[in-house]
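Chains as they are written, first to last, in the numbering used here: chain U, 1 to 332; chain C, 1 to 332.
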């Protein structure tokens, strides 16, 4: 695997950096899930991770590797989602400046959470841009150049990928070998890290990625043998609205992921209700992707030991309540 | 403590019976809760217990102590809430008949869940009664006498109390000594068991009980020095709508509980939202009692190590969604 962006030792090193900083999230089971699928299912609950999603792992791992000079100048990131909050929180914990470039129409709760992590630091800020008229990557690059800050992308970075892989490493350490591991796919950082961890800790595990039906760019890319770009997909799984895999994540997926399956928004909503009603967990739509594939029978698993990564729980309460109570599963 | 209904060895024995049967539920923390209260807070998440509440502990412990003869005849219980489901599930696991006496207007979800645990057993049933014209205790006693079944009450029973105490025993084993332990109070089974566990494992812990403002019968009883009966209270905390403490639970509370505090329905709803938004947990109103007292400043705890028992998560999804989205906190 020497030609891939990361290998097992990178994940082992990330585990050391995250020890005592990230939560070792619980692995929960549900007899209802087991009965419905005929499998033995282990849910790795990253919705219970710090700031509510696995993204904290990769962000902290990347920032913890900064040189003293990089730390002084700080970090820059652009994201409207969990990566923004993850970088802001990791920067706060590591005492460095952060600039987060977010769309001006980001959900107020996410803006507030990101600014909350930056509170009390005059060297940190949220920079808003107009997503219809401005190019966030250009803004990010300009600010990075002007201020000497290091840009950390949401998935296509070895330290981010290695950090995310610690989720599967913890899961497998707790469950022992698994037959199957289901992981959601946006840009591919989580599944790439998890696949490398599984290949080392449980080489017999088949890793299957789950994308939203409307945003199956990685499935298309695997079929085509090269990275396919798609328009921003319309799906309630806002964490998987990526247009393409990464240059670093895709080769890992090609090598170590068996296949990609997709689920519909309706299946995500039913799964969100299952989590609330039967497991008493708040899970965001993207966090339901892997579980939906299993519970809805998209990936049959009878008689198998199955790991499911529940990637996050950050969903606006009003929107969550509407989805629970049967409101329209309109694309967000 | 020889004159109390239970002592530490009863809880230790219950732990043995529950090992591998009940979940050892996770103890979660929240930096937001710590910052808001100035305390170090440990949440014992019994909403993640089997069937969604701590009640499974006491029910299973009681049924596991049945003689072979009692097992053959089976168990009877009357409850519209978590005790019904707990007894039905424990009876299923221990392969004995169960009869659950429930009001005819119980929530359909609770009826379905109880019947689900009885499925496939022709010797088990739900018996419905009219709560306005019939006396459930008389029905229960008659059925118990006719069929030779053993009646297990929801709280006023030594094996039930000892079973509930295992929740605090697990919490303290994980956290070490605590300064303060907050537990909700309905009939007093949970707090009595937890207080006995704390007195043994962490003698310096002050145990404080939390009741709904509208249903402070135990607070009144402590002031009066005898069990006070009140009309069925109007509160969204449906698991704490008891009219009086038990003959066995009250003496334990008198001896081992420092005091009782109360919280309002509005405080419960805010706490329910806190759990969903910040901790990604679905918690029923009754399950929010102890946390509400802490988070709303009713029980100050700055600088202290505090245990909070989150008692359950069984709430109808439509009702839950309405409460989350700011609907009226009308009494259920």
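Glycine residues also receive a C-beta, built at the ideal position from the N, C-alpha and C atoms.
How about residue i and residue j: do their beta carbons lie closer than 8 Å?
{"i": "residue 100 (chain U)", "j": "residue 84 (chain U)", "result": "yes"}
{"i": "residue 180 (chain C)", "j": "residue 304 (chain C)", "result": "yes"}
{"i": "residue 313 (chain C)", "j": "residue 47 (chain C)", "result": "yes"}
{"i": "residue 310 (chain C)", "j": "residue 291 (chain C)", "result": "yes"}
{"i": "residue 249 (chain U)", "j": "residue 241 (chain U)", "result": "no"}
{"i": "residue 80 (chain U)", "j": "residue 102 (chain U)", "result": "yes"}
{"i": "residue 263 (chain U)", "j": "residue 195 (chain U)", "result": "no"}
{"i": "residue 170 (chain U)", "j": "residue 24 (chain U)", "result": "yes"}
{"i": "residue 165 (chain C)", "j": "residue 204 (chain C)", "result": "no"}
{"i": "residue 261 (chain C)", "j": "residue 210 (chain C)", "result": "yes"}
{"i": "residue 163 (chain C)", "j": "residue 239 (chain C)", "result": "no"}
{"i": "residue 189 (chain U)", "j": "residue 218 (chain U)", "result": "no"}
{"i": "residue 154 (chain C)", "j": "residue 121 (chain C)", "result": "no"}
{"i": "residue 296 (chain C)", "j": "residue 317 (chain U)", "result": "no"}
{"i": "residue 56 (chain U)", "j": "residue 50 (chain U)", "result": "yes"}
{"i": "residue 111 (chain U)", "j": "residue 127 (chain U)", "result": "no"}
{"i": "residue 18 (chain C)", "j": "residue 61 (chain C)", "result": "yes"}
{"i": "residue 115 (chain C)", "j": "residue 78 (chain C)", "result": "no"}
{"i": "residue 285 (chain U)", "j": "residue 272 (chain U)", "result": "yes"}
{"i": "residue 191 (chain C)", "j": "residue 253 (chain C)", "result": "yes"}
{"i": "residue 265 (chain U)", "j": "residue 158 (chain U)", "result": "no"}
{"i": "residue 289 (chain C)", "j": "residue 233 (chain C)", "result": "no"}
{"i": "residue 300 (chain U)", "j": "residue 26 (chain C)", "result": "no"}
{"i": "residue 38 (chain C)", "j": "residue 302 (chain C)", "result": "yes"}
By DSSP's criteria, residue i is part of a beta bridge. Which residues make up the other side?
{"i": "residue 92 (chain U)", "result": "Its beta-bridge partners do not exist; DSSP assigns none."}
{"i": "residue 337 (chain U)", "result": "Residue 337 (chain U) falls outside the range modelled here, since chain U spans only 1 to 332, and no answer is possible."}
{"i": "residue 129 (chain U)", "result": "U:103"}
{"i": "residue 180 (chain C)", "result": "C:206, C:306"}
{"i": "residue 212 (chain U)", "result": "U:263"}
{"i": "residue 221 (chain C)", "result": "Answer is none; residue 221 (chain C) lacks a bridge partner."}
{"i": "residue 98 (chain C)", "result": "C:75"}
{"i": "residue 45 (chain U)", "result": "U:310"}
{"i": "residue 53 (chain C)", "result": "C:312"}
What is the C-beta distance between residue i and residue j, in whole angstroms, given that I count them as a contact (C-beta under 8 Å)?
{"i": "residue 172 (chain C)", "j": "residue 201 (chain C)", "result": "4 Å"}
{"i": "residue 16 (chain U)", "j": "residue 156 (chain U)", "result": "Their Cβ separation, rounded to whole angstroms, is 23 Å, which puts residue 16 (chain U) and residue 156 (chain U) out of contact at 8 Å."}
{"i": "residue 144 (chain U)", "j": "residue 76 (chain U)", "result": "5 Å"}
{"i": "residue 147 (chain U)", "j": "residue 73 (chain U)", "result": "6 Å"}
{"i": "residue 198 (chain U)", "j": "residue 168 (chain U)", "result": "6 Å"}
{"i": "residue 321 (chain C)", "j": "residue 321 (chain U)", "result": "4 Å"}
{"i": "residue 58 (chain C)", "j": "residue 207 (chain C)", "result": "Actually they do not touch by this definition, with Cβ atoms about 18 Å apart."}
{"i": "residue 28 (chain U)", "j": "residue 45 (chain U)", "result": "6 Å"}
{"i": "residue 150 (chain C)", "j": "residue 70 (chain C)", "result": "5 Å"}
{"i": "residue 282 (chain C)", "j": "residue 282 (chain U)", "result": "6 Å"}
{"i": "residue 4 (chain U)", "j": "residue 224 (chain U)", "result": "At roughly 20 Å, the Cβ-Cβ gap does not stay under 8 Å, so residue 4 (chain U) and residue 224 (chain U) are not in contact."}
{"i": "residue 93 (chain C)", "j": "residue 21 (chain C)", "result": "7 Å"}
Kindly provide the ranges of any alpha helix (DSSP H) runs that are 4 or more residues long and lie completely inside the region 6-40 of chain C, ordered along the chain.
8-18, 31-37
What are the residues of the region 274-299 of chain U that lie near chain C, defined by any Cβ-Cβ distance shorter than 7 Å?
276, 277, 280, 281, 282
Kindly provide the ranges of any beta strand (DSSP E) runs that are 3 or more residues long and lie completely inside the region 279-324 of chain C, ordered along the chain.
305-310
So if I threshold CB-CB distances at 7 Å, which residues from the region 19-51 of chain C count as touching chain U?
26, 28, 47, 48
Contact list for the region 50-66 of chain C against chain U, Cβ threshold 7 Å:
52
Closer than 8 Å, Cβ to any Cβ of chain U: which residues of the region 224-247 of chain C, in chain order?
none
Could you tell me which uninterrupted alpha helix (DSSP H) segments, each at least 4 residues in length, are contained entirely in the region 228-265 of chain U, listed from first to last along the chain?
249-256
Near-chain U residues of the region 179-211 of chain C (beta-carbon distance less than 8 Å), N- to C-terminal order:
none
According to a CB-to-CB cut-off of less than 9 Å, which residues of the region 102-130 of chain C neighbour chain U?
109
Check each residue of the region 140-155 of chain C: if its Cβ is closer than 9 Å to any Cβ of chain U, include it; give the result in chain order.
none
Contact list for the region 167-178 of chain C against chain U, Cβ threshold 7 Å:
none
Counting only Cβ-Cβ distances shorter than 7 Å, please list the residues of the region 304-319 of chain U near chain C, keeping chain order.
313, 317, 318
In chain order, what residues of the region 85-101 of chain U put their CB closer than 8 Å to some CB of chain C?
none
Along the region 245-267 of chain C, where does the CB come closer than 7 Å to a CB of chain B? Name the residues.
The chain labelled as chain B is not found among the protein chains of the depicted structure, namely U and C.
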